[in-house]
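Numbering (our numbering), first residue to last: 90 to 198.
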């Protein structure tokens with residue numbers, strides 16, 4: 090079976106792996122709110138690296154295509170992204186290991 094390989098630039102925070110149920114519940118509640126169409130209206134998404142060894146909560150991401158490169162300074166940050174991340178981290182009582190900043194995530198599925 091072939092392995093798919095994707096690379097993402099994700100703006101977020103690396104957190105200590107939380108209880109999956111609390112995090113899933115918080116993200117499910119968010120996904121039931123309609124989007125405003127405003128790119129600064131941040132929605133939190135989950136990226137996991139390895140066997141959930143590293144958990145990234147991200148408010149923005151860009152998928153990089155094969156043979157594509159991107160200068161890190163060209164990746165823009167929405168005005169509300171940091172505030173939204175802080176709100177989720179505080180509400181869930183998560184420990185932040187790193188960020189907020191851009192992380193490059195390799196997905197080998």
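C-beta atoms are modelled at their ideal positions from N, C-alpha and C, and glycine is treated no differently.
Please determine, among the options, the residue with the shortest C-alpha to C-alpha distance to residue i.
i	options	result
residue 131	165, 95, 170 and 190	170
residue 95	105, 118, 159 and 153	153
residue 100	157, 172, 184 and 156	172
residue 177	166, 146, 187 and 97	146
residue 192	136, 111, 118 and 112	136
residue 151	141, 165 and 142	165
residue 190	161, 184, 119 and 115	161
residue 179	159, 111 and 97	111
residue 115	183, 141, 188 and 196	183
Got a sec, what are the start and stop residues for the beta strand (DSSP E) residue i sits in?
i	result
residue 101	94-104
With residue i and residue j assumed to form a contact (beta carbons below 8 Å), what rounded beta-carbon distance in angstroms separates them?
i	j	result
residue 107	residue 174	The Cβ separation is near 14 Å, so there is no contact.
residue 139	residue 167	Not quite, the Cβ-Cβ distance comes to about 27 Å (not below 8 Å), so this is no contact.
residue 186	residue 104	7 Å
Against chain C, with Cβ distances strictly below 7 Å, would residue i count as a contact?
i	result
residue 147	Going by chain labels, chain C is absent from the structure shown, which holds only one protein chain.
Give the DSSP bridge partners of residue i, in chain order.
i	result
residue 178	Per DSSP, none; premise fails for residue 178.
residue 196	95
Taking only runs of the beta strand (DSSP E) that begin and end inside the segment 115-174, which ones reach a length of at least 3 residues, in chain order? 134-138 and 143-153
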